[in-house]
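*Asks:*
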Amino acid sequence: MAETIKLTVSRYRPEEESEPTFQTYDVPYNKEWVILDALNYVKDQLDGTLTFRWSCRMGVCGSCGMMVNGTPTLTCAVPLSDYVSSEPIRIEPLQFFPIIRDLVVDMNSFLGKLSSVKPWIIRDDEKPPVEGEYRQTPAELDVYKQFSMCINCMLCYSACPVVGLEPEFTGPAAIALAQRYNLDSRDQGAAERMAVLNEHEGMWGCTFVGECTNVCPKNVDPAGAIQLYKMASATDWFKSVLLPWGSKK
Amino acid sequence: MTKGITPFLWFLFGAGGMISALLFPVHILLIGLAFPLGWLDAPDYESLRSLVIHPITRLYLFVFIFFPLFHWAHRFRYTIYDLFQVKHGAQQPIALLCYGAALLGTIIAAYTLLTIG
Chain F
0 MAETIKLTVS RYRPEEESEP TFQTYDVPYN KEWVILDALN YVKDQLDGTL
50 TFRWSCRMGV CGSCGMMVNG TPTLTCAVPL SDYVSSEPIR IEPLQFFPII
100 RDLVVDMNSF LGKLSSVKPW IIRDDEKPPV EGEYRQTPAE LDVYKQFSMC
150 INCMLCYSAC PVVGLEPEFT GPAAIALAQR YNLDSRDQGA AERMAVLNEH
200 EGMWGCTFVG ECTNVCPKNV DPAGAIQLYK MASATDWFKS VLLPWGSKK
Chain E
0 MTKGITPFLW FLFGAGGMIS ALLFPVHILL IGLAFPLGWL DAPDYESLRS
50 LVIHPITRLY LFVFIFFPLF HWAHRFRYTI YDLFQVKHGA QQPIALLCYG
100 AALLGTIIAA YTLLTIG
């Protein structure tokens, strides 16, 4: 534990400064630590005023996403040893989000986008509970399971240049979540979600950069979900042109 | 339920991307490398001409030109938007120019393929 490693951390204290500044900390280099452990060392031992979100420290809660050396990263999921050669490690809040304090960003726009795609099972008519549950085979589960692994860590929003250019864009995680319910055999809400996402600010804002999929810590592949959505919309378009009497419901 | 012709333009883009990725390398390898470098014997003018005037070849060449042109138009349009941070008001003329160029190229290709031979 003789060695130390430098962390350069973005600080923003709205009552003191109008722009974020950087502060450098020396923390012990422990090769069993992840980036989040180093931040917690700073918080516990060096500077209790450093503010950041974290909870489960095991890649499940999605709270500790930050920019590490410019890349959106889940800080509990990357070992400190990966960054030894690129010292000092630069840690900043997720980009494209308003900063509340230090490394904490305002998630409200993201939460609004999530709920806009109606991420719940929509039924035309609910059967009464006495008729039992809606059963699903393992094969039907596999169809959407990948898209259900999202932990809302928002790394994909921070990685997406379209989100940076067009704040109204619904964005990767929300579209993947819509796809998760569309592909669910119990759901009948695909048309309602399509009405929301078939806008320019919906899926058509995506220019298929693919960075969302690259940074996703849970291999959800939001870029793939968006392409599936575009294909579904194109199919609808052909149906409405070739079979205009069939698509008006 | 659909937003104008955006899904259709995206379909042309997607199809053009697939055709470009699958077929262009074959043509570049044959016509750009293998024939000029002598790896394969180049076909003579008459045999190439008789190949091109066959109706299936004409159709193939039309698909080979038409979809990738619209792929280019779509990609170029969004590249211009993002590169120059084009705001919504100025986007439409750029879109018209891009797809218009692709349409013009398609018409020239169709005319050439119909009148060749």
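Heads up: the sequence lines are chains F and E, in that order.
Sequential numbering of the first sequence, starting at 0, is according to numbering that gives the first Met the number 0.
Sequential numbering of the second sequence, starting at 0, is according to numbering that gives the first Met the number 0.
Ideal placement from N, C-alpha and C gives every residue a C-beta, glycine not left out.
Opposite Asp25 (chain F) in the DSSP bridges: which residues?
*Replies:* According to DSSP, Asp25 (chain F) bridges with F:Lys5.
*Asks:* What residues in its chain sit with their C-beta under 7 Å from that of Arg52 (chain F), if we drop five residues either side in the sequence?
*Replies:* Only Ser62, Cys63 and Val103 meet the Cβ criterion.
*Asks:* With H, G and I counted as helix, E and B as strand and the rest as coil, what does DSSP make of Leu73 (chain F)?
*Replies:* Leu73 (chain F) falls in the strand class under three-state DSSP.
*Asks:* Just the chain E side, please: which residues come within less than 8 Å of Lys229 (chain F) by C-beta, in chain order?
*Replies:* Within chain E, the residues near Lys229 (chain F) are Pro6, Trp9 and Gly13.
*Asks:* Hey, is the segment 217-234 of chain F in contact with the segment 23-40 of chain E, meaning 3+ C-beta pairs nearer than 8 Å?
*Replies:* The segment 217-234 of chain F is not in contact with the segment 23-40 of chain E.
*Asks:* Would you please state the rounded distance, in angstroms, between the beta carbons of Phe168 (chain F) and Gly204 (chain F)? I believe it to be under 8 Å.
*Replies:* Going by Cβ atoms, the distance from Phe168 (chain F) to Gly204 (chain F) rounds to 4 Å, so yes, they are a contact pair.
*Asks:* Report, in whole angstroms, the separation of the C-beta atoms of Cys75 (chain F) and Leu35 (chain F), which I expect to be a contact under 8 Å.
*Replies:* Right, the Cβ-Cβ distance comes to about 4 Å (below 8 Å), so this counts as a contact.
*Asks:* Quick one, which of F:Ala172, F:Tyr143 and F:Met148 has its alpha-carbon nearest Tyr156 (chain F)'s?
*Replies:* Here the closest residue by C-alpha is F:Ala172.
*Asks:* Quick check on DSSP: helix, strand or coil for Thr114 (chain E)?
*Replies:* Helix, per DSSP.
*Asks:* Opposite Met65 (chain F) in the DSSP bridges: which residues?
*Replies:* According to DSSP, Met65 (chain F) bridges with F:Thr72.
*Asks:* Considering Glu191 (chain F), what are the terminal residues of the alpha helix (DSSP H) in which it resides?
*Replies:* Start and end: Ala189 to Leu196.
*Asks:* If you measure from the CB of Thr70 (chain F), is any heavy atom of the ligand GTP nearer than 8 Å?
*Replies:* Ligands displayed in this structure: none; no statement on the ligand GTP is therefore possible.
*Asks:* Identify, in the order they occur along the chain, each residue of the same chain with its Cβ nearer than 8 Å to the Cβ of Thr41 (chain F), setting aside the five sequence neighbours on each side.
*Replies:* Inspection of the sequence shows that residue 41 (chain F) is occupied by Val rather than by Thr. Cβ neighbours of Val41 (chain F) beyond the five flanking positions: Leu6, Val8, Tyr24, Val26 and Leu49.
*Asks:* Going along chain E, which residues have a C-beta under 8 Å from Leu164 (chain F)?
*Replies:* The contacting residues are Asp81 and Gln84.
*Asks:* Opposite Glu125 (chain F) in the DSSP bridges: which residues?
*Replies:* Its beta-bridge partners do not exist; DSSP assigns none.
*Asks:* Return the residues of the segment 105-116 of chain E that lie within a Cβ-Cβ distance of less than 7 Å from chain F, sorted by chain order.
*Replies:* So nothing in the stretch comes that close.
*Asks:* Quick one: is Pro160 (chain F) near chain E, going by C-beta distance under 9 Å?
*Replies:* Yes, its Cβ sits closer than 9 Å to a Cβ of chain E.
*Asks:* Counting pairs of Cβ atoms below 8 Å between the segment 88-105 of chain F and the segment 115-127 of chain F, do you hit three or more?
*Replies:* With a cut-off of 8 Å, the segment 115-127 of chain F and the segment 88-105 of chain F do not count as touching, because too few Cβ pairs lie within range.
*Asks:* If the cut is a Cβ gap below 7 Å, which residues of chain F does Tyr77 (chain E) touch?
*Replies:* Thr206, listed in chain order.
*Asks:* Once DSSP output is grouped into helix, strand and coil, what is the label at Ala18 (chain F)?
*Replies:* The sequence shown places Glu at residue 18 (chain F), not Ala. Glu18 (chain F): coil per DSSP, three-state reduction.
*Asks:* What do you get for Pro243 (chain F), buried or exposed, if any count of 16 or more other CB atoms within 10 angstroms of its CB means buried?
*Replies:* By the 10 Å Cβ count, Pro243 (chain F) comes out exposed.
*Asks:* Within 9 Å of any Cβ in chain E, is that where the Cβ of Asn213 (chain F) sits?
*Replies:* By this cut-off, Asn213 (chain F) is not an interface position.
*Asks:* Reducing DSSP to helix, strand and coil, say where Pro54 (chain E) ends up.
*Replies:* Residue state, collapsed to three classes: helix.
*Asks:* Considering only the beta carbon of each residue, do Phe69 (chain E) and Ala101 (chain E) sit closer than 9 Å?
*Replies:* Yes. Within cutoff.
*Asks:* Taking CB distances under 9 Å as the criterion, tell me whether Val240 (chain F) reaches chain E.
*Replies:* Interface residue, yes.
*Asks:* Count the CB pairs spanning the segment 179-196 of chain F and the segment 128-141 of chain F that are closer than 8 Å, and state whether there are at least three.
*Replies:* Verdict: yes, contact present.
*Asks:* Is the beta carbon of Ala79 (chain F) less than 9 Å from the beta carbon of Ile90 (chain F)?
*Replies:* Just to set this straight, residue 79 (chain F) is Leu in the shown sequence, not Ala. Taking 9 Å as the Cβ cut-off, Leu79 (chain F) and Ile90 (chain F) do not qualify as a contacting pair.
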